[in-house]
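4 protein chains.
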Amino acid sequence: MEIAIIGASGYTGGELMRLLLQHPSADVVAATSRKLDGTPVASVHPHLRGLTDLVFRNTEAGDIDADFAFLAVPHTAAMKVAGTLAERGIKTVDLSADYRLAKDIYEKTYGVSHTAYFEAPYGIPELHRDEVRGAAFVANPGCFPTGATLAAAPLAKFAHTIIYDSKTGVSGAGNTPSATTHYGNVGDNFSAYKWTTHRHLAEMKQEVARLGSTARCYFTPHLLPVNRGILTTAHILLNEPMEQDEVEALYQKFYADEFFVRYQRPTLAAVRGTNFCDVAVESEGDRVVAVSAIDNLVKGASGQAIQNMNLMCGFAEDAGLRSAGMLP
Amino acid sequence: MEIAIIGASGYTGGELMRLLLQHPSADVVAATSRKLDGTPVASVHPHLRGLTDLVFRNTEAGDIDADFAFLAVPHTAAMKVAGTLAERGIKTVDLSADYRLAKDIYEKTYGVSHTAYFEAPYGIPELHRDEVRGAAFVANPGCFPTGATLAAAPLAKFAHTIIYDSKTGVSGAGNTPSATTHYGNVGDNFSAYKWTTHRHLAEMKQEVARLGSTARCYFTPHLLPVNRGILTTAHILLNEPMEQDEVEALYQKFYADEFFVRYQRPTLAAVRGTNFCDVAVESEGDRVVAVSAIDNLVKGASGQAIQNMNLMCGFAEDAGLRSAGMLP
Amino acid sequence: MEIAIIGASGYTGGELMRLLLQHPSADVVAATSRKLDGTPVASVHPHLRGLTDLVFRNTEAGDIDADFAFLAVPHTAAMKVAGTLAERGIKTVDLSADYRLAKDIYEKTYGVSHTAYFEAPYGIPELHRDEVRGAAFVANPGCFPTGATLAAAPLAKFAHTIIYDSKTGVSGAGNTPSATTHYGNVGDNFSAYKWTTHRHLAEMKQEVARLGSTARCYFTPHLLPVNRGILTTAHILLNEPMEQDEVEALYQKFYADEFFVRYQRPTLAAVRGTNFCDVAVESEGDRVVAVSAIDNLVKGASGQAIQNMNLMCGFAEDAGLRSAGMLP
Amino acid sequence: MEIAIIGASGYTGGELMRLLLQHPSADVVAATSRKLDGTPVASVHPHLRGLTDLVFRNTEAGDIDADFAFLAVPHTAAMKVAGTLAERGIKTVDLSADYRLAKDIYEKTYGVSHTAYFEAPYGIPELHRDEVRGAAFVANPGCFPTGATLAAAPLAKFAHTIIYDSKTGVSGAGNTPSATTHYGNVGDNFSAYKWTTHRHLAEMKQEVARLGSTARCYFTPHLLPVNRGILTTAHILLNEPMEQDEVEALYQKFYADEFFVRYQRPTLAAVRGTNFCDVAVESEGDRVVAVSAIDNLVKGASGQAIQNMNLMCGFAEDAGLRSAGMLP
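Chains as they are written, first to last, in UniProt numbering: chain A, 1 to 328; chain B, 1 to 328; chain C, 1 to 328; chain D, 1 to 328.
Structure below.
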């Protein structure tokens, strides 16, 4: 299957190419970039040298010639090309925020008008597999909402309050230098940011509601001095106390058939580079601590996008995504 | 004033010596260690080379000849010598857990009998200055309870639930190699530990109660890939919503006269190596996020111990403790 | 092909299993450990959870039932079982130092007698492919000698002096906690170790001689605050000055047919997790700086071991080894 | 003494203010910045909050009212104001490169004309104390040349070749975000840069010549994933072999009276935040490995600048500079 990556110069673009090299049915035929037209992909992504001869091209969506597309562009840019791709019959996973939320919530959260809205499946396959399977367009979830939602999902409907305290690696801020990503501000350091105002909270609330829960949701992200990974500590306040055996059994059962969700004490290292989400849970009665770990660029972005592609196109769900992480 | 450091080979011992080198009235005359008798201090603490000629001695408490002592030994070891020091008229700050809690809480929390109990002031000077001033023996608080309590104190009595989500540097685990401190398990990694069972929770609860609050307290610590520092994110659920202006004013007023508590967005880097606790607060109505940052070895241990010593002995409270941190 | 990993609890054992999961013809049927008999592999290597059901067994070499074995045991332990494996017709790659050096050099360097010596190919395929191909037993090179030798090989015979200044990640010291691997001694730190006495120098000298060079060789390793990777800066003093064009062409030609050696400015990140060795060179006339980067656990150990296995068994040389690194 | 810091918004400016807070005779009265006029210093340097009320001012050199000035501006900017400060009788330490080299070498190395040249002492006090003492203007050395020269100085005249292989923390690149300082390019990574072309080599050669040596000098810097510190491994090839006892004695004697040079195995951690340079040496006959560690922002910049100020103004040489580093 021929694949185009639209906006391929960033970390998620590089990660899509890295992972698709291992996919038995995927052939990346186009990597677009406005600024890098003519530049070999391996010049920007040196880890891919020797494995790809692709060259960035500044191709418009109307000129893309492929069976499938990944949109790895900023929000508001995706909505401008989604329709064109659909008209041309190119199935698409959109990694931007443009189709993740209900229209009114999107416009309020991002402070812009949505000029090309339609409903799309929200691509956490573990929760929405049936909608994703066979879809022509899927909205790929945000990195924080993926880890947070998978941490809390089994218990959401038993809770009155869920506080997501998340810690992310720096790659979540992209590969453009800024004060946020300046080594002197991050190395051997740690801090909270957007303490109560991060946009991803809207996705978290939407998913909690879809799980049949009325729990109040809160979210505070933090910045870790690591490249990759998000560990989310979900502090879940229950309506009625539950014992450890009970909550653990609930999680084991909820994820029993999910290859990409493993029940074990999460660390960033065990999932780094992989599409796994490690989850575990510990109860102290009325509060349960549920912790998840994902690689923000894989299960939190490009890996989950490929998992969605696999479902949309009838491939094995884990095709190209079975690699183990590295430890250490 | 002549000072003995009992148990001087660890990180807190080294930090006491580092800081006391800058104290105008302090002269460290003894550094004890069971295992390192005869070894120069600078062999274990190479950053002190050229600044001290002290040699570790395996001196028993009954043979200590000093005006003041710091107990930097494990819990249960401190209670065995506290009485001896008192009899000899040596004022003491105990950095262990032995005198921080009410006797029954201590015995339940640490699973041991307390064989030499007495009440001691709990040495967070910002909250208990009057009790510390002039005392002969002070219990120095745990690292997590110091940062957590200073984060939540101004709001405690307005809250029904306080969840402390703390992230600590590795030095909190001491300078003896272990799986916990093994670089391959920590470097470029992140994880939660003792999700619901850390002993420091008992101190946090005790302090919240002393602040006149009936809030339920919860605590989950995490391990950062950094050497020093604790950042605590206190998720405070209020009885009645409060606006940002109101909570910020509350904090500004509460700490207005405190040199060591600074109101600014906390990062580990800005307090590293110092006795400062940086605090700030952000409200979203019914939840307030209060964040604090301390250096776990300074305000979380040795620095606060010296601050207590200063109060006990009538020195300026900031004597020896005015150094700025390093950034970056 | 059925494979046994003898000594599978360490980092190189874990890495062999990680990489062999991606090999089309390899089936790991045994993972031995003296201490962990009965423990699931995924308990020690949590990144492999969900991907393997192997359990560690304390199996003696005489009871190994496999077509191929990797010896991932300490030096002196390998020589005790190499003969047994050979008698049983089990082809073997030995990751220890026992068969890398001439007997007298080995005994002098390691200060022990070699009780079961025989000659074995030295498994850097880029330099000794013909000897490795079809061999029944191959000595896998040390991590430092692999990177250093590949950096200097094209220029060795033109040089009178080669100084290898190498910087390694902490995983080279293994997964047993020690002062060397203690986070407090490594994190945000950097130092040299074994300044003139590291045993790997003997391998480097042997390879330089085999390249027809009489250059004097020196070696100083350093410890980086990273998990993986070795970057070697080879300072090469030439008999006659050479221009940049000339040395660069020399390197390009020398490695033109080598899939695993890429000519680009090396960084640890671009090779992390992979079997690639990135190399580049810069001349200032009489001194040339040649720099290489490898992952010490892959091209420096387990990956090169599989590359050797592929040659020994007639598989494609890159089978199981084509994964890209991760960046960031 | 009233002090002005010209160009105070960067890391070296911040470091000057941090260190001068501990100086018994120094009073920083002006901190200039073109871009930050009116901004409190503590907004840019949050570690100084509570310790200084200074506000950045965009003051021209001709309007500076102070007894002493530190020039912490880029090269070519310093030469434009040095004369003005001299005319106004303001003693000055220049942290830029403008007065470190002979005029012709400077112009060739930096590719610019020097429009206001005069000779100034080169401020490594351990080597040029007599010239610095009482001078009105001192050129503060580069960070790499300081550590490298102190590593090799005792042996320089016995050597025919000196190769400086240096590894620096990221703060050497300043506090402006760039690809070089982007966390994703540095974190958990390592690389060489300017392999044969770093400008600091010119200072190193100049100092080696002043030491009476004709040794050829080479220099390759590398970038560490740490904030601070430079470790230089000087590979010194001797004219005649020397034994370990001999070289060690040479170093011990050479630095016997130097408070800021300590003979011990260097690590970055032991000198971090301090003005110390730790040095040690190991011989293998014809090659000697001499290693030094400094904090690039202290002994490599602001600390040495204050040490020079102390000598120029008749203060104790270690005034304000006796703080120990932090370990860990």
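Idealized CB from N, CA, C, for every residue including glycine.
Cβ of residue i within 8 Å of any chain A Cβ
i                 : result
ALA192 of chain B : yes
SER171 of chain D : yes
THR181 of chain D : yes
SER166 of chain D : no
SER323 of chain C : yes
PRO154 of chain B : no
Residue i burial status per 10 Å Cβ neighbour count (16 or more: buried)
i                 : result
SER96 of chain B  : buried
VAL112 of chain C : exposed
GLN252 of chain D : exposed
ALA316 of chain B : exposed
ASN58 of chain A  : exposed
PRO241 of chain D : exposed
SER191 of chain B : buried
GLU87 of chain A  : exposed
For residue i: DSSP bridge partner residues
i                 : result
SER51 of chain A  : This sequence places Leu at residue 51 of chain A; Ser is not what is there. Note: LEU51 of chain A sits in no beta bridge, so no partner.
SER33 of chain D  : The partner list for SER33 of chain D (beta bridge, DSSP) is empty, contrary to what the question assumes.
THR233 of chain D : D:ASP165 and D:VAL291
ALA26 of chain C  : DSSP lists no partner for ALA26 of chain C.
CYS217 of chain B : B:ILE162
VAL261 of chain B : B:CYS277
6 Å Cβ shell around residue i - same chain, five flanking residues per side excluded
i                      : result
ASP98 of chain D       : HIS75, ALA78 and MET79
THR233 of chain C      : ASP165 and VAL291
residue 364 of chain A : Missing from the structure shown is residue 364 of chain A; chain A here goes from 1 to 328 and no further.
ILE64 of chain D       : ALA4
Chain B within 8 Å of residue i, Cβ atoms only
i                 : result
ILE163 of chain A : yes
PRO145 of chain A : no
ALA256 of chain D : no
7 Å Cβ shell around residue i - same chain, five flanking residues per side excluded
i                 : result
GLN264 of chain D : ASP278 and ALA280
GLY172 of chain B : CYS143 and ASN296
LEU211 of chain A : ALA153, ALA156 and LYS157
ALA120 of chain A : TYR99, PHE137, VAL138 and ALA139
TYR117 of chain B : LYS103
GLU26 of chain A  : With the sequence shown as reference, residue 26 of chain A is identified as Ala, and Glu is not the correct amino acid for it. For ALA26 of chain A, where only same-chain residues beyond five positions count, the Cβ hits under 7 Å are MET1, ILE3, LEU20 and GLY320.
ASP318 of chain A : PHE259
THR12 of chain A  : ALA72, LEU95, LEU297, ALA301 and SER302
LEU54 of chain C  : VAL28, ALA31 and VAL41
Closer than 8 Å to chain C by CB, residue i
i                 : result
VAL186 of chain B : yes
ASN175 of chain B : yes
GLU284 of chain D : yes
ALA280 of chain A : no
Chain F contact for residue i (CB, 8 Å cutoff)
i                 : result
ASN189 of chain D : Absent here is chain F; the protein component of the structure consists of chains A, B, C and D.
Test: residue i CB closer than 8 Å to a CB of chain D
i                 : result
THR267 of chain C : yes
SER302 of chain A : no
Residues near residue i by beta carbon distance below 8 Å, same chain, minus five either side
i                 : result
ALA324 of chain C : THR274
LEU16 of chain C  : ILE5, ALA8, VAL28, PHE70, ALA72, SER302, ALA305 and ILE306
* Cβ-based contacts, 8 Å cut-off: residues of the segment 213-245 of chain B near chain C -> Taking a C-beta cut-off of 8 Å against chain C, the contacting residues of the segment 213-245 of chain B are PRO225, VAL226 and ASN227, listed in chain order.
* Residues from the UniProt domain "Semialdehyde dehydrogenase NAD-binding" (2-135) of chain A in contact with chain D, defined by Cβ distance under 8 Å -> Within the UniProt domain "Semialdehyde dehydrogenase NAD-binding" (2-135) of chain A, the residues whose Cβ lies closer than 8 Å to some Cβ of chain D are TYR11, listed in chain order.
* **Near-chain A residues of the segment 286-299 of chain D - C-beta to any C-beta below 8 Å** => Of all residues in the segment 286-299 of chain D, none has a Cβ within less than 8 Å of some Cβ in chain A.
* What residues from the segment 195-214 of chain A come within 9 Å of chain B, judged by C-beta to C-beta, listed N to C? -> Under the 9 Å Cβ criterion, the segment 195-214 of chain A contributes TRP195, THR196 and THR197.
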